[in-house]
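I have placed the structure first, in the form of structure tokens, so that the comments after it can refer back to it.
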Amino acid sequence: MLGAANAFGAIPAVQGQSGYINMPNAAVEADGTVSTGYGYDRPYGSFWATATVLPFLQVTGRYVSITGTQGFANQPDGYGSAYGRYKDKVVDAKLRLLAESTWLPAIAVGATDMLGTELFKGHYVVASKAFGAARNIEVSVGVGKRRPSGVFAGARWAPTAVPGFAVVGEYDANDYTKDFHAADTAAGQRRKGAAVGVEYRWGWLGAQVARHRDHFSANAYLSIPFSEREFIPKLYEPAPFDPKQAPPRVTGEEWQQQPSHGAALVQALIKQDFKNVRVTFEDGTLKLSLTNSRISNLGRAVGRAARTALAFAPQGTRRMQIAYTKLEQPIATYEFTDLQSLTDYLTGLSNREAFLQTVIVRYAQPSDQIGEDQHGMLAAVANEGSLQVEVGKDGNTVQLASEDREANRFKVYPKVSMFFNDPSGALRYELWAAGTYDRRLAPGLFLNSDFKLTVYETVSGVTQASNSLLPHVRSDIADYKRGGRFKLNRLMLNKYIMPSERLYARVSGGLYEEMFRGIGGQVLYLPKDSRWAADVNVDALQQRGVKGWFDKRDYQTVSGFASLHYKLPYDVTATARAGRFLAKDNGVRMEFKRRFPSGVEIGAWYTKTSGKDITNPGTPSNPYNDKGIFLSVPLNIMLLSDTQTTAGVALSPWTRDVGQMVASPGDLYDLVEQPRRDMNTFDGLGNFAERRDEQNLPAVNPPVDAMPNPWPLFRMRVEQSVKSTPTLPHWGNGAIIGGGAILASALLDKPVDRFMKKHQGSSVARAWNNIGKATPVVLAGAAAGAVAFGDARMQNIGIISLESVVGAAALSIGAKHLAGRARPIDEKGQWGKAADRSNASFPSNHASVAFAAVTPFAQEYDAPWLYGLAAAGSLGRTAGRQHWVSDVVAGGVLGMAVGGWLWQAQRDNVRSSFAVTPGTNSVSVAWFGTY
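Okay, so the sequence shown: first residue is 405 according to my numbering, each after it adds one.
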């Protein structure tokens, strides 16, 4: 449950953000807390959800209805009359800049209604401080612009004699008379002023009732701490295999001659939910490849398999190897070189440190996958997948399911989908029975199907034709919902391949989803550095017909993306995708998701493409861009036994055509992400032995990957640079050389500009000018890439390069104001004065940044050719007549001076790097911490 301190300081206000009644405070709820509730403050009713996505960042989504004004039509039978009162989607955010200390208050800045219609848009800054021996009195003061408007304040008192209760008061600074359609609603009669209320919080539940000048408001909510690893103890979790149940061990020769011995091991593993089990015994090594359909932690699954295999291993077994697979593709391999050490560790006779000396955890190789039924072993294994009615399993209220040893599955279960905010009705939904059938046809080859029987739906009631100017890849969804009750949603053949270590591929063909069919593939690369991964996918698609079988529409397209996945502190994963979307619009999609200790993931995406979606709220000058949020909840945190099943929900526009992607037949990164994470977390064993004395070990229950205060290490770098500042003679020598170069280059100013003016319209000049614009961005991006992907040495040089870029840019901008030289394109002559000193010509900021970016790398790696690269790009600015030659030379001299100085000062300072450094089974971030 939430701690008392947090429950006091971070109470959701009526609109969901932490605060008082309507006014915010500087608090954010505990990291990983997700709260949802309903608040009503006339005329506004809000269904809201708030998440503390980082320890200092709180994000709120609201679905606000406004009593007193219609959403689309005031005529009883007019189009949109069924929609009812006006409704708006709102996104708010609060960033805590400073945590409260003994003497200083907490300080936060916030923004309301940042996207979309921006009816409730505003900004604020607020400070909060707790007082009293019990710190049960909180006072906040802030100032806002638009909403709230002006100075606001709030206070809360939680009497210690009455736990859970608090009295709250505020000065509400919202100017309601300026709200949307205020004259038509109760907002027009509201004024700024005081409000008081009482609130009660009990565990995850809370409520508030408040009195305003002439009305009451109310708020009720549920807060769930997803930072907790689980909410319900695993009372029904099956126990590990008992070695006493194993038959007497046989010799290796008997094992080879009689397949029944291996079959007994396979059968024991299948009873523990292991699938695709393959076993072989060669030269004293017992090898297994398998997967588990239920256990969520890789180390724990391998531990149970090792415990079982140890009991069945033939006499004389010296080593054991277990390859964990997904869809028969090896992901991670565990090698145990001393089986006595393994036995001692599993029985509690030795500690983890001693056991680690006999274990190798590595990325799997293709050869780790054991071939089809060697020695006829599987023929003796029962493969019955009986059909059963299951209640409350896999997150379904009830399901009819069957699964055998090869993960061939059949399942029927109920599903429901909801659609919001269509003009013809605020809520649309469909209820259907889903049937899935998945079958293994050959090694790595699977048939996947999905049938749908609609029981009841209202989505087909959307009758307004889409006015999208893009191909209707999603906006005709209502046509598909009314097309037929029984449909074949998906029928795919998927072939998975592992060509080499850490390289995976998929080839797919068939009916991808309800709206598209086609053929395609994906290739995924996993470097040894576990911070990142990259994949490429291409799909040739044709739009399906609305009947839901094998009919089709004429629209065809090829969609493809190159994707980069990168792990950040706090277990945040950033994904960048660039390519072609369904409506033939080209662009990029950025995705960010945070994974909490419970396994819950909260994320968002934003897409920017060439497609012009002008449907409301998009306009020709500001087209709509696809965006959305999602939540994924592993059900094992709420069930009495472990499971890999997750429940997910995504909120995004459902009738938009811009920035859309086809449903993946089987995304490879999603397939390997979790086992790869487990393998690279600390020693990679996780909860391997399930020992009570190890449950508090970081390797078993990893802590949050926090980001320590970077200031001390930043200060150290500054101090090193100051101490290494060149002496006056060095500055003098540099100034003479640099000044001479600038004066000499000034002789070329006029002739070069005359030549560029003469050829200004040529394609070469335009291209060179564009290169000049892009050069500093590309080079600074390369420095950032060195920080993100390089080894310790390159990461340190990358940091120096970025520091040099910032320093050189600052000095260049200052020099521009002093010199005030006009640009060649201004036609004021070589020594003319610029009308706007901030846009002066001397020195070239592009050249300063470019040379500052390359100098540390050129010096460290003895690569003078980098100077030529920076020069060639920077001189492109003369092609566009934005700079004289001497401007570019001056910028280059400045960039080289700053870059050389900082390189000399910090070249050996790999300790204070904030860059990320990979280890064997861990990743460290030098100035952020270790994660």
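For each residue, glycine too, the CB sits at the ideal point set by N, CA and C.
| Checking contacts by CB at 7 Å: is D748 closer than that to chain D? | No chain D is part of this structure, which consists of one protein chain only.
| Contact belief for R948 with D955 at Cβ below 8 Å, rounded distance in angstroms | Contact flag correct, Cβ pair sits at about 7 Å.
| said: Pop quiz: T1011 and R993 are said to be a contact at Cβ under 8 Å. What is the actual Cβ separation, rounded to whole angstroms? | reply: Indeed they touch by this definition, with Cβ atoms about 4 Å apart.
| request: Following the continuous beta strand (DSSP E) through F850, name the residue where it begins and the one where it ends. | output: F850 -> beta strand (DSSP E) spans L849 to E861.
| Cβ of V1302 within 7 Å of Cβ of G1211? | Yes; because the gap between Cβ atoms is below 7 Å, this pair is in contact.
| What is the C-beta distance between A1257 and S1205, in whole angstroms, given that I count them as a contact (C-beta under 8 Å)? | Between A1257 and S1205 a beta carbon distance of about 5 Å is seen, short of the 8 Å cut, so the two are scored as contacting.
| query | Shortest alpha-carbon distance to A1274 belongs to which of D1312, S904, G1176 and R1197? | reply | Ranked by how close their Cα comes to the Cα of A1274, the residues D1312, S904, G1176 and R1197 have G1176 in first place.
| Mind checking E918: buried by the 16 CB within 10 Å criterion, or exposed? | By the 16-neighbour rule on beta-carbons within 10 angstroms, E918 is buried.
| field | Same chain, Cβ closer than 6 Å to W606, five either side skipped, listed in chain order | value | Result list for W606: G568, in chain order.
| message | Let me confirm a value: G1052 is counted as buried when at least 16 other C-beta atoms fall within 10 Å, else exposed. Which label applies? | response | Burial call: exposed.
| task | Please report how far the alpha carbon of P416 lies from the alpha carbon of T801, in whole angstroms. | result | Rounded to the nearest angstrom, the two C-alpha atoms are 31 Å apart.
| DSSP state of K1012 mapped onto helix, strand, coil | DSSP, reduced to helix, strand and coil, places K1012 within a strand of the structure shown.
| said: To the nearest angstrom, how far is the alpha carbon of V529 from that of L502? | reply: L502 has its alpha-carbon roughly 12 Å from the corresponding atom of V529.
| Is it buried or exposed for G1296, if we count other Cβ within 10 angstroms and need 16 for buried? | By the 10 Å Cβ count, G1296 comes out buried.
| request: Kindly list the residues whose CB is nearer than 7 Å to the CB of I1201, restricted to its own chain and excluding five residues on each side of it in sequence; keep chain order. | output: A1190, P1260, F1261 and E1264.
| Beta-bridge partners of T695, as assigned by DSSP | Within the DSSP bridge table, the entry for T695 names K679 as partners.
| To which residues of the same chain is A1093 closer than 7 Å at the C-beta, ignoring the five residues directly before and after it? | Closer than 7 Å at Cβ, skipping near neighbours: G707, Y749 and L750.
| said: Report the CB separation of H619 from R446 in whole angstroms; it is logged as a contact under 8 Å. | reply: Between H619 and R446 the beta-carbon gap is near 5 Å, inside 8 Å, which marks them as a contact.
| field | Separation of N1100 from G472, as counted between CA atoms | value | If you take the alpha carbons of G472 and N1100, they lie about 56 Å apart.
| field | Where the beta strand (DSSP E) through G573 begins and ends | value | Run containing G573: F569 to D576, per the beta strand (DSSP E) assignment.
| query | When the distance is taken between beta carbons, is N701 closer than 7 Å to D1082? | reply | Their beta carbons are under 7 Å apart, which means D1082 touches N701 by this criterion.
| field | Through-space distance from A431 to T437, alpha-carbon basis | value | Rounded to whole angstroms, T437 to A431 spans 13 Å at the Cα level.
| task | Kindly indicate the opening and closing residues of the alpha helix (DSSP H) around Q612. | result | It is not in any alpha helix (DSSP H) - Q612 instead sits in the beta strand (DSSP E) that spans L609 to R615.
| Closest by CA to W1009, which one among L1055, R1311 and R935? | Residue L1055 is the option with its Cα nearest to W1009.
| said: Measuring straight from C-alpha to C-alpha, what distance separates T961 and G922? | reply: Here the alpha carbons of G922 and T961 stand approximately 10 Å from one another.
| field | Where H1221 falls, given that 16 or more other Cβ within 10 Å makes a residue buried | value | In summary, H1221 is exposed, with fewer than 16 beta-carbon neighbours lying within 10 Å of its beta-carbon over all protein chains present.
| Residue nearest to L968 in terms of C-alpha spacing, selected from F1193, A1178 and I1041 | Among F1193, A1178 and I1041, the Cα nearest to that of L968 belongs to F1193.
| task | Counting only the same chain and skipping the five closest in sequence on each side, list residues whose C-beta sits under 6 Å from that of A1219. | result | Excluding positions up to five away in sequence, the list reads P1247.
| query | Per DSSP, what kind of secondary structure is S1045 in: helix, strand or coil? | reply | Looking at S1045 - three-state DSSP - the assignment turns out to be coil, as it is neither helix nor strand.
| Does the separation of the CB atoms of V863 and R832 fall below 7 Å? | Yes, Cβ-Cβ distance for V863 and R832 is below 7 Å.
| query | Of all the alpha helix (DSSP H) runs that stay within the bounds of the region 935-1014, which reach a length of 4 or more residues? | reply | Runs of the alpha helix (DSSP H) spanning 4 or more residues and lying entirely within the region 935-1014 do not occur at all.
| message | In the DSSP output, what is Y841 paired with across the bridge? | response | Answer is F814 and S853, bridged to Y841.
| field | F1193 - containing alpha helix (DSSP H), residue span | value | Element bounds for F1193: S1167 to F1193.
| said: Taking its Cβ as the centre, do 16 or more other Cβ atoms sit within 10 Å of V859, making it buried, or is it exposed? | reply: V859 should be labelled exposed.
| Under 7 Å between C-beta atoms of K549 and A577 | In this structure, A577 does not lie closer than 7 Å to K549 by Cβ.
| task | May I have the straight-line CA-CA distance separating A1171 from G1277, to the nearest angstrom? | result | Taking the straight line joining both Cα atoms gives about 11 Å.
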